[in-house]
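Protein chains in written order, with my numbering: chain A, 23 to 221; chain L, 2 to 264.
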């Protein structure tokens with residue numbers, strides 16, 4: 023985890039106009055932010071653009087960071103999450119991720135979201151298979167509702183504790199836990215259904 | 002989630018403890034109660050299994066690698082600079098290439114790719130065939146070419162030998178040329194009235210206008226110039242030959258020139 027004193031010093035140097043300090047911050051956090059954006063947005067291009075936007079916003083609002091209110095990583099993740107929500111609203115993906123098992127409201131005869139994941143036969147190469155499984159899980163993650171998806175990403179992929187997630191999402195810890203449970207369960211249902219079809 | 006009590010635990014409480022149980026932080030009595038509730042409450046039991054399975058799926062997701070251009074782009078968009086150090090860092094390591102490999106890749110391989118085309122190969126074949134036939138006809142043998150000494154000193158010596166041969170030739174020919182010139186002078190002095198080529202012929206030779214020569218009359222019976230009077234009587238008696246008078250000064254004079262064909 024981050025060393026609070028080191029990060030505080032970096033932020034101070036950066037606010038004083040030290041380009042090297044800002045570069046160090048970018049080097050330290052770009053991977054984490056990119057991964058959150060990639061898992062949430064779904065595509066590498068969107069993830070890259072969003073990561074860049076997050077850092078631009080960070081650069082402009084660095085002076086608003088208050089060390090006493092929380093860790094720097096929580097602050098960074100909060101900015102990322104807020105931008106992702108804005109991006110989600112702009113791209114109007116809400117209606118597609120309301121529920122995994124319900125069909126799209128406009129098209130009654132359309133397939134359930136669980137059936138929209140492509141059936142991929144297992145190739146002999148284990149690495150290729152693992153990549154395909156990862157891709158399938160990634161696609162299934164994209165089908166979760168944004169609330170469940172962000173909770174699961176922060177907990178299971180970014181390894182944040184419930185308190186930090188609650189601070190980022192601005193919801194009670196109990197709500198975070200409930201969302202994580204439901205998110206995991208829906209993801210499992212979706213994947214079980216997908217692989218049952220493959221078998 | 003339906004909220005009913007089973008084995009002393011409500012479904013709401015189960016939901017709160019489930020994540021702790023899956024994370025491994027719940028133990029002892031709390032964990033036993035949770036398992037007991039999952040066994041008796043079908044909804045919570047299913048949730049327990051599915052949440053555990055979902056967690057396992059997510060554990061298999063690997064962290065993705067950001068693109069190499071991400072950090073330089075961020076720095077460029079925030080500070081407006083793209084530091085040299087970052088450029089060097091993000092540049093992929095290039096394998097060392099020898100000069101011969103570089104020449105091969107840059108020049109020889111593209112040239113060879115062109116030469117390998119059938120039409121070029123055919124052209125080269127024809128050129129080689131024509132050259133070999135030409136050399137054979139000219140009597141050049143490969144052994145002659147092989148015996149040519151191409152050392153700088155040998156080339157220099159060949160040059161001087163050739164120069165000396167040319168000078169000797171000019172010296173030998175000079176008396177003959179001088180004798181011929183003297184003979185022409187004597188001949189001219191002896192016969193000074195010998196006409197030169199006619200002026201007309203000279204002019205014709207010097208005519209560079211590319212215009213066709215004046216058409217010759219095909220009248221071989223007459224030579225020189227001769228005036229012919231062409232009569233055109235005025236008035237109504239045009240066809241009356243008796244009224245023709247050669248001495249009439251009103252008649253027009255037409256000049257007709259004939260040339261002798263020079264064979």
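For every residue, glycine included, the Cβ atom is placed at its ideal position computed from N, Cα and C.
- For the 8 Å CB-CB criterion, residue 56 of chain L and residue 23 of chain L form a contact.
- Within the model, the alpha-carbon separation for residue 10 of chain L versus residue 50 of chain L is close to 18 Å.
- Scanning chain L for C-beta atoms nearer than 8 Å to the C-beta of residue 160 of chain A yields 62, reported in chain order.
- Remark: fewer than three beta-carbon pairs, one from each stretch, lie closer than 8 Å, so the segment 24-39 of chain L and the segment 190-198 of chain A are not flagged as touching.
- Contact holds between the segment 47-61 of chain A and the segment 69-77 of chain A, because three or more Cβ pairs, one in each stretch, are under 8 Å apart.
- No Cβ-Cβ contact shorter than 8 Å links residue 62 of chain L with residue 109 of chain A.
- Residue environment: residue 148 of chain A is assigned as exposed (fewer than 16 neighbouring CB atoms within 10 Å of its CB, all protein chains considered).
- Residues of chain A whose Cβ lies closer than 9 Å to the Cβ of residue 27 of chain L do not exist, since the nearest Cβ in that chain is about 12 Å away.
- With its beta carbon less than 8 Å from one in chain L, residue 73 of chain A belongs to the interface.
- Shortest Cα-Cα distance from residue 68 of chain L to any of A/85, A/150, A/65 involves A/65.
- Taking a Cβ-Cβ threshold of 7 Å, none of the residues of chain L is close to residue 97 of chain A; the smallest such distance is about 17 Å.
- When the alpha-carbon of residue 53 of chain L is set against those of A/218, A/216, A/202, A/215, the nearest one is in A/202.
- Where residue 55 of chain L is concerned, the enclosing alpha helix (DSSP H) starts and stops at 43-60.
- Counting along the chain, residue 133 of chain L sits inside the alpha helix (DSSP H) bounded by residues 119-139.
- Of all residues in the segment 33-53 of chain L, only 48, 51, 52 come within less than 7 Å of chain A when Cβ atoms are compared, listed by chain position.
- Note that the C-beta distance between residue 105 of chain A and residue 154 of chain A is not below 8 Å.
- Comparing C-alpha distances from residue 84 of chain A to each of A/31, A/162, A/175, A/185 shows the shortest one belongs to A/31.
- Selection A/152, A/78, A/181 evaluated against residue 101 of chain A yields A/78 as nearest (Cα-Cα).
- In this structure, DSSP gives residue 27 of chain A a helical state, which the three-state scheme calls helix.
- In this structure, residue 200 of chain A places its C-beta atom within 8 Å of the C-beta atom of residue 16 of chain L.
- An exposed status is given to residue 183 of chain L, since fewer than 16 other beta-carbon atoms sit within 10 Å of its beta-carbon.
- With a minimum length of 3 residues, there is no unbroken run of beta strand (DSSP E) contained wholly in the segment 160-193 of chain L.
- Annotation: the continuous alpha helix (DSSP H) that includes residue 112 of chain L extends over 110-116.
- With respect to residue 73 of chain A, residue 176 of chain A sits apart: the two C-beta atoms are not nearer than 8 Å.
- Think of a sphere of 7 Å around the beta carbon of residue 81 of chain L: no beta carbon from chain A falls inside it, the nearest being about 10 Å out.
- Judged by DSSP secondary structure, residue 112 of chain A falls within the alpha helix (DSSP H) whose first and last residues are 94-113.
- Between the C-alpha atoms of residue 112 of chain L and residue 102 of chain L there is a straight-line separation of about 14 Å.
- Shown here, residue 16 of chain L sits in a helix according to DSSP, grouped into three states.
- Residue contact with chain L for residue 86 of chain A: absent (no Cβ-Cβ distance below 8 Å to any residue of chain L).
- Counting every other CB atom within 10 Å of its CB across the protein chains shown gives residue 100 of chain L a total below 16, marking it as exposed.
- With respect to chain A, the C-beta atom of residue 116 of chain L has no partner C-beta closer than 8 Å.
- Listed along chain L are 17, each with a C-beta nearer than 7 Å to that of residue 196 of chain A.
- The Cβ-Cβ distance between residue 36 of chain L and residue 45 of chain L does not fall below 8 Å.
- Within chain L, not a single residue places a beta-carbon under 8 Å from that of residue 94 of chain A; the smallest gap is close to 17 Å.
- Boundaries of the alpha helix (DSSP H) around residue 75 of chain A: 66-82.
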